[in-house]
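To start, the structure under review is shown below, and the notes come after it.
Protein chains: 4
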Amino acid sequence: MQAGARGEIDAGRALTRVTAFSDGVFAIAITLLVLNLDVPRLSAAEQHRLAHDLIDQWPDYLAWALSFVIIARFWVVHDRLFARMARLDERAMVANFAYLAAVVLIPFASEVLGEYPDRVAAVVTYALVVGGATLLAWLLIHHALAGGLIREADRPETRVYGDRAALMRPALFALSIPVAFVSTGVAQMLWVATFLVGRRRR
Amino acid sequence: MQAGARGEIDAGRALTRVTAFSDGVFAIAITLLVLNLDVPRLSAAEQHRLAHDLIDQWPDYLAWALSFVIIARFWVVHDRLFARMARLDERAMVANFAYLAAVVLIPFASEVLGEYPDRVAAVVTYALVVGGATLLAWLLIHHALAGGLIREADRPETRVYGDRAALMRPALFALSIPVAFVSTGVAQMLWVATFLVGRRRR
Amino acid sequence: MQAGARGEIDAGRALTRVTAFSDGVFAIAITLLVLNLDVPRLSAAEQHRLAHDLIDQWPDYLAWALSFVIIARFWVVHDRLFARMARLDERAMVANFAYLAAVVLIPFASEVLGEYPDRVAAVVTYALVVGGATLLAWLLIHHALAGGLIREADRPETRVYGDRAALMRPALFALSIPVAFVSTGVAQMLWVATFLVGRRRR
Amino acid sequence: MQAGARGEIDAGRALTRVTAFSDGVFAIAITLLVLNLDVPRLSAAEQHRLAHDLIDQWPDYLAWALSFVIIARFWVVHDRLFARMARLDERAMVANFAYLAAVVLIPFASEVLGEYPDRVAAVVTYALVVGGATLLAWLLIHHALAGGLIREADRPETRVYGDRAALMRPALFALSIPVAFVSTGVAQMLWVATFLVGRRRR
Numbered sequence: 000m001q002a003g004a005r006g007e008i009d010a011g012r013a014l015t016r017v018t019a020f021s022d023g024v025f026a027i028a029i030t031l032l033v034l035n036l037d038v039p040r041l042s043a044a045e046q047h048r049l050a051h052d053l054i055d056q057w058p059d060y061l062a063w064a065l066s067f068v069i070i071a072r073f074w075v076v077h078d079r080l081f082a083r084m085a086r087l088d089e090r091a092m093v094a095n096f097a098y099l100a101a102v103v104l105i106p107f108a109s110e111v112l113g114e115y116p117d118r119v120a121a122v123v124t125y126a127l128v129v130g131g132a133t134l135l136a137w138l139l140i141h142h143a144l145a146g147g148l149i150r151e152a153d154r155p156e157t158r159v160y161g162d163r164a165a166l167m168r169p170a171l172f173a174l175s176i177p178v179a180f181v182s183t184g185v186a187q188m189l190w191v192a193t194f195l196v197g198r199r200r201r
Numbered sequence: 000m001q002a003g004a005r006g007e008i009d010a011g012r013a014l015t016r017v018t019a020f021s022d023g024v025f026a027i028a029i030t031l032l033v034l035n036l037d038v039p040r041l042s043a044a045e046q047h048r049l050a051h052d053l054i055d056q057w058p059d060y061l062a063w064a065l066s067f068v069i070i071a072r073f074w075v076v077h078d079r080l081f082a083r084m085a086r087l088d089e090r091a092m093v094a095n096f097a098y099l100a101a102v103v104l105i106p107f108a109s110e111v112l113g114e115y116p117d118r119v120a121a122v123v124t125y126a127l128v129v130g131g132a133t134l135l136a137w138l139l140i141h142h143a144l145a146g147g148l149i150r151e152a153d154r155p156e157t158r159v160y161g162d163r164a165a166l167m168r169p170a171l172f173a174l175s176i177p178v179a180f181v182s183t184g185v186a187q188m189l190w191v192a193t194f195l196v197g198r199r200r201r
Numbered sequence: 000m001q002a003g004a005r006g007e008i009d010a011g012r013a014l015t016r017v018t019a020f021s022d023g024v025f026a027i028a029i030t031l032l033v034l035n036l037d038v039p040r041l042s043a044a045e046q047h048r049l050a051h052d053l054i055d056q057w058p059d060y061l062a063w064a065l066s067f068v069i070i071a072r073f074w075v076v077h078d079r080l081f082a083r084m085a086r087l088d089e090r091a092m093v094a095n096f097a098y099l100a101a102v103v104l105i106p107f108a109s110e111v112l113g114e115y116p117d118r119v120a121a122v123v124t125y126a127l128v129v130g131g132a133t134l135l136a137w138l139l140i141h142h143a144l145a146g147g148l149i150r151e152a153d154r155p156e157t158r159v160y161g162d163r164a165a166l167m168r169p170a171l172f173a174l175s176i177p178v179a180f181v182s183t184g185v186a187q188m189l190w191v192a193t194f195l196v197g198r199r200r201r
Numbered sequence: 000m001q002a003g004a005r006g007e008i009d010a011g012r013a014l015t016r017v018t019a020f021s022d023g024v025f026a027i028a029i030t031l032l033v034l035n036l037d038v039p040r041l042s043a044a045e046q047h048r049l050a051h052d053l054i055d056q057w058p059d060y061l062a063w064a065l066s067f068v069i070i071a072r073f074w075v076v077h078d079r080l081f082a083r084m085a086r087l088d089e090r091a092m093v094a095n096f097a098y099l100a101a102v103v104l105i106p107f108a109s110e111v112l113g114e115y116p117d118r119v120a121a122v123v124t125y126a127l128v129v130g131g132a133t134l135l136a137w138l139l140i141h142h143a144l145a146g147g148l149i150r151e152a153d154r155p156e157t158r159v160y161g162d163r164a165a166l167m168r169p170a171l172f173a174l175s176i177p178v179a180f181v182s183t184g185v186a187q188m189l190w191v192a193t194f195l196v197g198r199r200r201r
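Written as structure tokens, this is what we have:
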């Protein structure tokens, strides 16, 4: 696929820079999540209830923790994928950017969820953004496998993230959308289930 | 141009650090765009219209998506340019900083556009900032070609971004400014046209 | 532990990327602290007291300075740790992410402390977040030592940060929590004492 | 100064990571400046004066541009310094962190200046922060020269930034503080003069 040593050096360079750029985006997105935690604004007379107000924000902390873990996992999978890639093509570049676009939306979806933890609209927003990211990650990995971008020796391990069974995760997020209209709690439990799915297979 | 191996190592080092710094700026700017998406602040009695209010912000999402794609494209072109450079001179440094200055303004211009999508002033602001970035990118590439900073073998491919025909893109943004006074919609269609311009030539 | 040259290259690559990602998170968290410094919003008639209002925010500046120094020290210790690691295992990855999660919460805890410097709830929040980060750093270092992840020659120097005596620092933060209910000032003096602890031993 | 190859590798590694961390901080600080540009919040009836309100913010744009150029110059000098260093010592580490602390305050000082461009308190704040950064940069460079951290061949060029004459720049910022009480305009002209100082000597 590559024409000689020059091509390989170029491929390595392109991979390095796309990896570094993606790492930057992941690191910024995971750190920006903290901006969703608001400091209560209390007058002097109200300050006695600072502890109460801080504790009262527990849905914000929960949304922050969920989103932190989700972005961290996305980064780990992305890290492994790019470690196993021999080269990039234009489609993989586009898929990677589309995936990053969904990742940077997570702080927004997380803020909506933290503010309105039991509103259907908030749960659907979160499922759309995170589920969308999950699907785009799958598309990126699937294309990398189909397009021969993965090093031969690393194909079996990579396949676990890019085969049909791996579609289970975006499917659970998709399923959580209609479920949210019945029960936002059950919908959120489906998200947690996605963690278990991955764990069992590896 | 360079005096021996030491010079080449220095040139390589300078390129690497300017590239890393620029990558950081691009990654931060593209991620900060998400801060333009506001979470509606609703009292308990108003929360039933969360879905409505979230959907009502569609111009914000559109401005976000447009700016994400624009910064991503800027990064790709910048990546290719710096991959093909053999060295930097002071002018290229200044041009690169001027270009980055325009890039970091995009989240601001994007927020203005998202808030007031059909105000002439917002459309002109966006055209000035993004069009300005396009022009400064052209100046950087043009100077890199004229100043012999591009590796001989890579000059033909680089020329597509730095010749007169490549001025079409900043020209379309410039044109969109007077057009915005007649129709903000047509002005925005001119921006989308800039994507097609590049695609046809390559 | 590693199977040949390929394993070592992979270990080096994984270390490099986790290091780069962690560095990014530290750099962003330390820079985001500045967003806690509010610019007073004054009407034209009130502007004569800008100096007064700026000086009046001294608890914010103090919280900023304390948090800046704390994150800087965390980074230095993290830097030394990763320089001495030969490889990573999954537990170390998880411990590193948990540690980073506590680090990115520092800007939030710092804002709470700056706004309400003598409220027990604010002092406890800060002690929980920063003390938690201190404990998670210790766990990471302790595991790296116990799991044989540190290069043989570097074990003695690393032990200073991962042995029982090094638990003094999280212990002081834990102690500051009950103390805060008696005196927030004494609690904060315990934090400053943690700086001296480290210094004496090295 | 260094004991063999291992020491040199360690020195190189430490330099690389401190450089990368500092670069991250510079890149984030220069990009965060954009958050100081506020989008006017106008009701439907007021939107006709969007252009007017955007133009009315010209002191914000000016403060942004000044701070962008100042951080960019800081980065360039920092880049050259670290390219010429052979190793770091603990003092240089501390000086570098103190310098970065001043750099990350620039977005705050810049916002104060943009909001209250002709208030003495705002001009003094800016002079303290940016002048402080200038002084700390000088201390870092001066120490690097005195402590033998700079490669022999690079000492002459580095001295221009770390000798007594280079103190002219922090001196001008210091001078601008009393001057601001007489005229904020003249004080700001002194800042611009610092750009000329550097240019003439090189």
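Residue numbers (numbering that gives the first Met the number 0), protein chains in the order written: chain W, 0 to 201; chain X, 0 to 201; chain H, 0 to 201; chain B, 0 to 201.
Glycine included, C-beta positions come from ideal geometry on N, C-alpha and C.
What you are looking at is a predicted structure, and each value in this text was computed from that prediction instead of being measured.
| Asked | Found |
| --- | --- |
| Within 10 angstroms of the Cβ of Leu195 (chain X), are there 16 or more other Cβ atoms? Answer buried if so, exposed if not. | exposed |
| Please check if any C-beta of chain X sits within less than 8 Å of the C-beta of Pro106 (chain W). | yes |
| Can you find a CB in chain W that lies within less than 8 Å of the CB of Gly184 (chain H)? | no |
| Taking C-beta pairs closer than 9 Å, name the residues in chain W that Leu31 (chain H) reaches, listed in chain order. | Thr30, Leu31, Val33, Leu34 |
| Who are the Cβ neighbours of Ser21 (chain B) in its own chain at under 7 Å, not counting the five residues just before and after it? | His77, Asn95, Leu99 |
| Can you round the beta-carbon distance between Thr183 (chain W) and Val122 (chain W) to whole angstroms, since I take them to be within the 8 Å contact cut? | 5 Å |
| Is Ile27 (chain X) close to chain B, meaning its C-beta is less than 8 Å from at least one C-beta of that chain? | yes |
| Which whole-angstrom value is the C-beta distance of Thr236 (chain W) and Leu144 (chain W), which I expect to be below 8 Å? | Any answer about residue 236 (chain W) is impossible in this case: the structure gives chain W only from 0 up to 201. |
| At what residues does the alpha helix (DSSP H) containing Tyr98 (chain W) begin and finish? | 89-114 |
| Label Asp59 (chain B) either buried or exposed according to how many other C-beta atoms from any shown protein chain fall within 10 Å of its C-beta, with 16 as the threshold for buried. | buried |
| How long is the line joining the alpha carbons of Trp63 (chain W) and Trp74 (chain W), rounded to whole angstroms? | 16 Å |
| Do you know how far the Cα of Thr124 (chain X) is from the Cα of Ser42 (chain X)? | 34 Å |
| Under 8 Å between the Cβ atoms of Ala13 (chain B) and Ala85 (chain B)? | no |
| How long is the line joining the alpha carbons of Trp57 (chain X) and Val159 (chain B), rounded to whole angstroms? | 54 Å |
| Three Cβ pairs or more, each shorter than 8 Å: is that satisfied between the segment 18-33 of chain W and the segment 16-36 of chain X? | yes |
| Do you know whose CA, among W:Asn35, W:Ala170, W:Pro39, W:Ala19, lies nearest Glu114 (chain H)'s CA? | W:Pro39 |
| Does the distance from the CB of Leu135 (chain W) to the CB of Ala97 (chain W) come in under 8 Å? | yes |
| Counting only C-beta atoms, is Gln56 (chain W) closer than 8 Å to chain H at any point? | no |
| Between the alpha carbons of Gly131 (chain H) and Ile105 (chain H), how many angstroms are there, rounded? | 10 Å |
| List the residues of chain X whose Cβ lies closer than 7 Å to the Cβ of Gly23 (chain B), in chain order. | Gly23 |
| So with Cβ pairs under 8 Å, would you call Glu114 (chain W) a contact of chain X? | yes |
| Run through chain H and tell me which residues come within less than 9 Å of Ala82 (chain W), C-beta to C-beta. | Asp9, Arg12, Ala13, Arg16 |
| Contact criterion: CB-CB distance below 8 Å. Does Phe172 (chain B) meet it with respect to chain H? | no |
| For Arg90 (chain H), decide whether its Cβ has a neighbour in chain W, counting only Cβ atoms nearer than 8 Å. | no |
| Do Asp88 (chain H) and Gly161 (chain H) have their C-beta atoms within less than 8 Å of each other? | no |
| Does Ala2 (chain H) come out as helix, strand or coil in the three-state DSSP assignment? | The pLDDT assigned to Ala2 (chain H) is 46, lower than 50, so where the model puts this residue is not dependable; a value taken from the coordinates is nonetheless given after this. If DSSP states are grouped into helix, strand and coil, Ala2 (chain H) belongs with coil. |
| I'd like to check one pair, Val129 (chain X) with Ile176 (chain X): are the Cβ atoms closer than 8 Å? | no |
| If you check the beta carbons only, do Pro169 (chain W) and Trp190 (chain W) fall under 8 Å apart? | no |
| Could you tell me the boundaries of the alpha helix (DSSP H) in which Glu202 (chain X) lies? | Since the first and last residues shown for chain X are 0 and 201, residue 202 (chain X) lies out of range. |
| Would Val38 (chain H) count as contacting chain B if we go by Cβ distances under 8 Å? | yes |
| Quick check on this structure: which residue in B:Leu166, B:Arg72, B:Phe107, B:His142 has the alpha carbon closest to the alpha carbon of Val93 (chain X)? | B:Arg72 |
| Quick one, which of H:Phe180, H:Asp37, H:Leu36, H:Phe81 has its alpha-carbon nearest His142 (chain H)'s? | H:Phe81 |
| Let me check understanding here. Comparing Cα to Cα, which of B:Arg118, B:Glu45, B:Phe107, B:Asp37 lies closest to Ala50 (chain H)? | B:Arg118 |
| At 8 Å on the CB atoms, spell out the chain W contacts of Leu53 (chain X), in chain order. | Val111, Ala120, Thr124 |
| Just the Cα atoms here: how many angstroms apart are Leu61 (chain X) and Ala101 (chain X)? | 20 Å |
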